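There are 2 protein chains.
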Amino acid sequence: MKPLTLKDVARQAGVSPKTVSRVINGEAYVRPEVRAAVQKVVDALGYRPNAFARELSSARSFLLGLYFDDPASAYAADVQRGALARCRALGYHLVVEQVTRDRTGWLEECEASLRSMRLGGAILTPPLCDWPELLDLFARMDVAVVRISPGDVDARAAAVEMDERGAARELTEALIALGHRDIGFIQGNPEHHAAARRQEGFEAAMAAAGLALHPERTLPGDFTFRAGLAAGERLLSGRDRPSAIFAANDEMALGVLVAAMRAGIAVPDQLSIAGFDDATIARMAWPPLSTVHQPHVEMAAAAVELLTRPAGEQKATPSLRLPYTLTLRDSTGPAPASETQR
Amino acid sequence: MKPLTLKDVARQAGVSPKTVSRVINGEAYVRPEVRAAVQKVVDALGYRPNAFARELSSARSFLLGLYFDDPASAYAADVQRGALARCRALGYHLVVEQVTRDRTGWLEECEASLRSMRLGGAILTPPLCDWPELLDLFARMDVAVVRISPGDVDARAAAVEMDERGAARELTEALIALGHRDIGFIQGNPEHHAAARRQEGFEAAMAAAGLALHPERTLPGDFTFRAGLAAGERLLSGRDRPSAIFAANDEMALGVLVAAMRAGIAVPDQLSIAGFDDATIARMAWPPLSTVHQPHVEMAAAAVELLTRPAGEQKATPSLRLPYTLTLRDSTGPAPASETQR
DNA sequence: GAGACATCTGACATCGATGTCAAGCGCAAA
DNA sequence: TTTGCGCTTGACATCGATGTCAGATGTCTC
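What follows is the structure, encoded as structure tokens:
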């Protein structure tokens, strides 16, 4: 099966290859009749330009890179789904890359990979989006970048984010409104800047309600189930325990849930548990988790959109902020009576 | 930053571009001294051949396609992780594609995408790996294919699989050994051939133990949590219920677990639940799920391996069978006394 | 010493598209 | 009529690599 080329189309349409190229790229300066005629041949033959040749001769690229730290996380799956759907619609392809900082030479490997294959743009997910070396690299290679939920502002890259702080605050306020006074908090992976934002939101809500923050009620975590389980066991051991626990993401909240089950603590009657992210698993738990719905899918789609808008949206590295939704399910409930009396 | 080309290296090394090409491709007929000298320049400059140019001028490609039905499933994440790791090591890149059969013209879209971008090989996951139109397409486009867990044998494509039937049988035997006589079964998505294999294994074990199969104990499912929940609720309603339920995958088993929780049925004391796949979530449940550990990561890695072995392993579409591991956790236990007396 | 042969090497065409540029055309202004 | 300009078109070079092939060595044989 010999590939169909521009030349074939040109011959069939009785014009030069260059004119066909003009038509498929929607360039100006082609007579309407000619354009229509060429288009007809293109459609009839089902011609598709060879992306590699295109890439080689022009500057653009139809490949977007999706960069991950850990492709196994629920978060990664959501982002990928959103990006993939948008790419499909726009005729782009998604190349997935995994990057970790654990080996020396990781940056060189990245650079080598980038130099062997020019990307039309790159989507950086947390925590990669906050590694200055990576941002430098992409800037140096002149590859457009969109950062998802970055920790700071960088003039060189666009960003798609969410008000993590506000969401965490709102969720905490919901717990307080349910009568909870003694709330435990499990921190996220400190590599992710979102972890700090969520903690800030939690603490702001507590302070605003005039509730004291007891240091022993805040435990470190790393966004994994295992960490949530460990922290949950510590928070729930002994008689003096919080009436609610807010874990900085759903996987950890699930860990807390399991810890509570093991300890025979009823959720939500004796203990309320809240997570963050609205991962698929939040709905698969029992009871289903109260959490903050993050529009991961939409954020990824927006990132693709930004990368594929060529000249139209050149207005200096835009930053998009998408809305969250508080999603209260059955893992949270009114604080037990003993608690409200305190 | 102007890209570094073959020509630059050639000039610096004082040879022709073609000779440099020979060196980087490890071709014969280059004097050892020359080879060493060129290699030195390549290393010093950190030269990386442009993959697109390479692809255009030769026949090969460094891009592998990973084809999914549903990229959000836990299964997909595992496969992707395995494939990605292997690709990185081999200097390949992974392009992820999602294909569904819900729109007319899906096949044409696929073909268009393939024609615009030649792939070095494709990995087809279930249920895509059993769509004859797709296999035809890849054969027609002359793209090497590896199928993961296919339902049948196809001379045109290699396969990486697991003994689903044997695993399901072994898991069922384990339940029977625990004293269970009345075991419910929740079928998988009939689009996936593995679903049928697992049911066969279940039924074979039941038959071998001389246990009757009651039609009302086998419910349809589709591998989703929701389906598991629904089936679980049906199986557990009323007084006459099985003492164990075997769901054809972990997500559905999780649904059964939640149904049991809701109904106030203790697991595993009053009900044993088993899944299949050993998805990440199997460990995040409480109690953690007994299941069959499928080597998804290793299977994907093996698939990449098969696709990137060029002439060495041309021995007629090999088929690899990887071993499973029975993983009994806390969601299964001895059958309650009333049951064993039956 | 001539011929045969294996070993090296580079000039050149090629893959399939796009960028550049000049030429041909029609039409309006001078 | 001439000049000038805007529209339309295609010839040709180019992107960065590899395939082909011919020529240049050196070695071995008769």
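Chains A and X, in that order, give the protein sequences. For the numbering used here, count along the first sequence from 1 and bump the result up by 1303. For the numbering used here, count along the second sequence from 1 and bump the result up by 1303. Where is the CB? At the ideal position from N, CA and C, for every residue including glycine. All values derive from a computational prediction rather than experimental measurement.
Distance from the CA of arginine 1586(X) to the CA of leucine 1592(X), rounded to the nearest whole angstrom, comes to 6 Å. Beta-carbon to beta-carbon, alanine 1638(X) and glycine 1482(X) are separated by about 4 Å, close enough to satisfy the 8 Å threshold. Under a 10 Å Cβ-count criterion, glutamate 1330(A) is classified as exposed, with fewer than 16 other Cβ atoms of the shown protein chains found around its own Cβ. Histidine 1599(X) sits in a helix when the DSSP states are folded into three classes. In this model, arginine 1501(X) and asparagine 1492(X) are separated by some 11 Å (Cα to Cα). Assignment of aspartate 1633(A) by DSSP, reduced to helix, strand and coil, places it in the coil class. If you draw a straight line from the Cα of alanine 1604(X) to the Cα of glutamate 1400(A), it is about 15 Å long.
Close to tryptophan 1589(X), with beta-carbon spacing below 8 Å, are these residues of chain A in chain order: Leu1560, Val1561, Met1564 and Arg1565. Scanning Asn1552(A), Asp1553(A), Asp1572(A) and Ala1461(A) for the CA closest to the CA of proline 1545(A) turns up Asp1572(A). Measuring C-alpha to C-alpha distances from glycine 1349(X) to each of Leu1307(X), Glu1467(X) and Arg1334(X) identifies Leu1307(X) as the nearest. Residues of chain A whose Cβ lies closer than 8 Å to the Cβ of isoleucine 1584(X) are, in chain order, Ile1584 and Met1587. Arginine 1459(X) places its beta carbon 7 Å or farther from that of alanine 1447(X).
Tyrosine 1332(A) counts as exposed, since fewer than 16 other C-beta atoms from the protein chains shown sit within 10 angstroms of its C-beta. Against chain A, the CB of leucine 1387(X) has a partner CB under 7 Å away; the residue lies at that interface.
Around the CB of asparagine 1353(A), 16 or more other CB atoms lie within 10 Å, so the residue is classed as buried. Boundaries of the beta strand (DSSP E) around serine 1575(X): 1575 to 1577. With fewer than 16 other CB atoms across the displayed protein chains lying within 10 angstroms of its CB, arginine 1542(X) is exposed.
For serine 1593(A), the secondary structure class from DSSP, reduced to helix, strand or coil, is strand.
A Cβ-Cβ contact shorter than 7 Å links aspartate 1433(A) with histidine 1496(A). Following the DSSP letters along the chain, one finds isoleucine 1489(X) inside the beta strand (DSSP E) bounded by residues 1486 to 1489. Of the candidates Tyr1627(A), Arg1632(A) and Val1600(A), Val1600(A) places its Cα closest to the Cα of glutamine 1383(A).
Chain A places no beta carbon closer than 7 Å to that of serine 1546(X), leaving this residue out of the contacts. In this structure, the alpha-carbon of glutamate 1608(X) lies about 49 Å from that of threonine 1475(A). Contact with chain A is found for serine 1419(X), since one of that chain's Cβ atoms lies less than 7 Å from the residue's Cβ. Spanning the alpha carbons of histidine 1517(A) and phenylalanine 1365(A) requires a straight line of approximately 52 Å. For the segment 1367 to 1378 of chain A, the beta-carbon criterion of a distance under 7 Å to any beta-carbon of chain X is satisfied by Pro1374 and Ala1375. Here serine 1319(X) is exposed, its C-beta having fewer than 16 other C-beta atoms within 10 Å. For the segment 1338 to 1356 of chain X, the residues whose beta carbon sits under 9 Å from a beta carbon of chain A are, in order, Gly1349, Tyr1350, Arg1351, Pro1352, Asn1353, Ala1354, Phe1355 and Ala1356.
Runs of the beta strand (DSSP E) lying entirely within the segment 1411 to 1484 of chain A, each at least 3 residues long, are 1424 to 1427, 1448 to 1451 and 1461 to 1465 in chain order. The beta carbon of cysteine 1390(X) is closer than 7 Å to those of Leu1367, His1396, Leu1397 and Val1607 in its chain, skipping five residues each way along the sequence.
Under the three-state reduction of DSSP, glycine 1408(A) is assigned to coil, being neither helix nor strand.
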